[in-house]
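The sequence shown begins at 2 in our numbering and counts up by one. A virtual CB, placed ideally from N, CA and C, is assigned to each residue, including glycine. Because the structure is a prediction, the values reported are computed rather than measured. Only one structure is covered here, and it is reproduced in the block below.
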Amino acid sequence: MLWLNRVPILLYHRIVNLPLDEREGIRVGLRNFRRQMNLLAWQGFKAVPLNALLDKDLPKKPVVITFDDGYQDNYLYAFPVLKEYKFCATIFLVSGHIGGTNQWDSQQKEPVRLLSQDEIREMADYGISFGAHTVTHPHLPQLTDDRAFYEITQSKREIEEVVGKEVVSFCYPYGEVSLRVKEMVAEAGFRCACACDTESCDPYKLPRRQIFSKTSLFGFWRKIQRWYPEYTRLRKLWKR
2 MLWLNRVPIL LYHRIVNLPL DEREGIRVGL RNFRRQMNLL AWQGFKAVPL NALLDKDLPK
62 KPVVITFDDG YQDNYLYAFP VLKEYKFCAT IFLVSGHIGG TNQWDSQQKE PVRLLSQDEI
122 REMADYGISF GAHTVTHPHL PQLTDDRAFY EITQSKREIE EVVGKEVVSF CYPYGEVSLR
182 VKEMVAEAGF RCACACDTES CDPYKLPRRQ IFSKTSLFGF WRKIQRWYPE YTRLRKLWKR
């Protein structure tokens, strides 16, 4: 599994059709998203579902495109672009808020709509994969074991009921994971899980490369290179 952190796993949240500046953080503009997908295609990357990384039969240049939380704009704006380039993606859903809003995000001025069941099913029929992101988006390491295990297992069951397929991928809210939480995810039947650690080769702590509103096209190109983990490690050393 030592090669796992060499495959670029891209982390998106929202894709919006609005002018943005660098303060917008996790929202990526539609124009930039389209340019990024075009660059992936031009560079010869083939998008695969997250759990495909555990299989041996991978394309020559695999990339995993992930979205956290399951915002409706993933359907409205990202989905048409993904179809245009024949890319798949993995979207992590907060099962207790499907069809509702992101009530866990206190920084949002207004609640943001999340994917409906019909939108999820349409995307799943195309080939988009869905993973679990808990029931309510809590800080898992801060919960009791019983509550944390409920959040993990119940989200799996609820999403499987919507998509009609087994859910094998998990994502830790806020990127927070402890040894016990990781063990629970494995016990619940997930095959892999995402964090934000650029050094990990653990299938239950897969590293991702987050794309921000401020990420330039050159910065995006850098993040999809196999050597990106070494680059980030060296940058940290230089800053000491």
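### Task
Report the three-state DSSP secondary structure of D70 (helix, strand or coil).
For the purposes of this step, residue 70 is identified with residue 69 of the sequence shown, where counting begins at 1. Of the three classes helix, strand and coil, the one that applies to D70 here is strand, per DSSP.
### Query
Grouping DSSP H, G and I as helix and E and B as strand, with all else coil, what is L180?
Position 179 of the sequence shown, counting from 1, holds the residue named residue 180. L180 falls in the helix class under three-state DSSP.
### Message
Short of 6 angstroms in beta carbon distance, which residues of its chain neighbour A125, apart from the five on each side in sequence? Order them along the chain.
### Response
As a position in the sequence shown, residue 125 is number 124, starting the count at 1. Taken in chain order, the residues that qualify are V164.
### Query
For A48, which beta-bridge partners are listed by DSSP?
Numbered from 1 along the sequence shown, position 47 holds the residue referred to as residue 48. A48 is bridged to V64.
### Query
Do G132 and F88 have their C-beta atoms within less than 7 angstroms of each other?
Reading the sequence shown from its first residue, position 131 is the one you call residue 132. Reading the sequence shown from its first residue, position 87 is the one you call residue 88. No, they are not a contact pair.
### Message
For R32 and Y127, I'd like the C-alpha separation in whole angstroms.
### Response
Your numbering for residue 32 matches position 31 in the sequence shown. Your numbering for residue 127 matches position 126 in the sequence shown. Straight-line Cα distance between these residues: approximately 23 angstroms.
### Query
How would you call G246, buried or exposed, if buried means at least 16 neighbouring beta carbons within 10 angstroms?
No answer is possible for residue 246: it lies beyond the span of the chain, which begins at 2 and ends at 241.
### Message
Give me, in chain order, the residues of the same chain whose beta-carbon lies closer than 7 angstroms to that of P112; leave out the 5 immediate sequence neighbours on both sides.
### Response
Mapped onto the sequence shown, residue 112 falls at position 111. Excluding sequence neighbours, P112 sits near T102, N103, Q104.
### Query
With R210 and Y229 assumed to form a contact (beta carbons below 8 angstroms), what rounded beta-carbon distance in angstroms separates them?
Position 209 of the sequence shown, counted from the start, is the residue given in the question as residue 210. Position 228 of the sequence shown, counted from the start, is the residue given in the question as residue 229. 6 angstroms between Cβ atoms; contact.
### Task
Figure out for me which residue from E152, T233, Y78, L51 has the closest Cα to the Cα of V95.
Here residue 95 refers to the residue found at position 94 when the sequence shown is read from its first residue. Answer by Cα proximity: E152.
### Query
At what residues does the alpha helix (DSSP H) containing V164 begin and finish?
As a first step, residue 164 must be located in the sequence shown, where it is residue number 163. Its alpha helix (DSSP H) spans residues 146–164.
### Query
Per DSSP, I92 is paired with what?
As a working note, residue 92 is residue 91 in the sequence shown. Paired residue(s): F68, F131.
### Message
Assuming contact is defined by CB atoms lying nearer than 7 angstroms, are N52 and C193 in contact in what I supplied?
### Response
The sequence position of residue 52 within the sequence shown is 51, counting from 1. The sequence position of residue 193 within the sequence shown is 192, counting from 1. Less than 7 angstroms divides the Cβ of N52 from the Cβ of C193.
### Query
Do you know how far the Cα of F93 is from the Cα of F80?
Looking up residue 80 in the sequence shown gives position 79. Looking up residue 93 in the sequence shown gives position 92. Taking the straight line from one Cα to the other gives about 14 angstroms.
### Message
I'd like the span of the beta strand (DSSP E) that includes L55, first residue to last.
### Response
In the sequence shown, counting from the first residue as 1, residue 55 sits at position 54. That residue, L55, is in no beta strand (DSSP E); it is neither H nor E in DSSP.
### Task
Using 10 angstroms around the beta-carbon of Q44, count the other beta-carbons present and answer buried if the total reaches 16, otherwise exposed.
Reading the sequence shown from its first residue, position 43 is the one you call residue 44. It counts as exposed.
### Query
Using DSSP with H/G/I as helix, E/B as strand and the rest coil, what is I225?
As a first step, residue 225 must be located in the sequence shown, where it is residue number 224. Three-state result, I225: coil.
### Message
Which same chain residues end up closer than 6 angstroms to S179 when comparing Cβ atoms and leaving out the 5 residues on each side of it in sequence?
### Response
On the sequence shown, residue 179 is found 178 positions in, with the first residue counted as 1. The residues are P142.
### Query
So which of F150, F213, R36, I99 has the shortest CA-CA distance to E161?
What you label residue 161 is simply residue 160 of the sequence shown in a count that begins at 1. That would be I99, whose Cα lies nearest to the Cα of E161.
#### Entry: Nearest-angstrom Cα separation, counted from F219 out to W239
Sequence index remark: in the sequence shown, residue 239 carries index 238 (1-based). Sequence index remark: in the sequence shown, residue 219 carries index 218 (1-based). C-alpha separation (whole angstroms): 21 angstroms.
### Query
Which residues bound the alpha helix (DSSP H) around V32?
Numbered from its first residue, the sequence shown carries residue 32 at position 31. Correcting the residue type first, residue 32 is Arg in the shown sequence and not Val. Its alpha helix (DSSP H) spans residues 31–43.
### Query
Which stretch, first to last residue, makes up the beta strand (DSSP E) that contains V17?
Walking along the sequence shown from the start, residue 17 turns up at place 16. Its beta strand (DSSP E) spans residues 15–17.
### Task
Tell me whether G30 is buried or exposed, calling it buried when 16 or more other Cβ atoms sit within 10 Å of its Cβ.
Walking along the sequence shown from the start, residue 30 turns up at place 29. With 16 or more other Cβ atoms within 10 Å, it is buried.
### Message
Between the alpha carbons of Y78 and D106, how many angstroms are there, rounded?
### Response
Along the sequence shown, one-based indexing puts residue 78 at 77. Along the sequence shown, one-based indexing puts residue 106 at 105. Cα-Cα distance, rounded: 21 angstroms.
### Task
Would you mind sorting L235 into buried or exposed? The rule is 16 or more other CB atoms within 10 Å of its CB.
One-based indexing of the sequence shown puts residue 235 at position 234. L235 comes out exposed.
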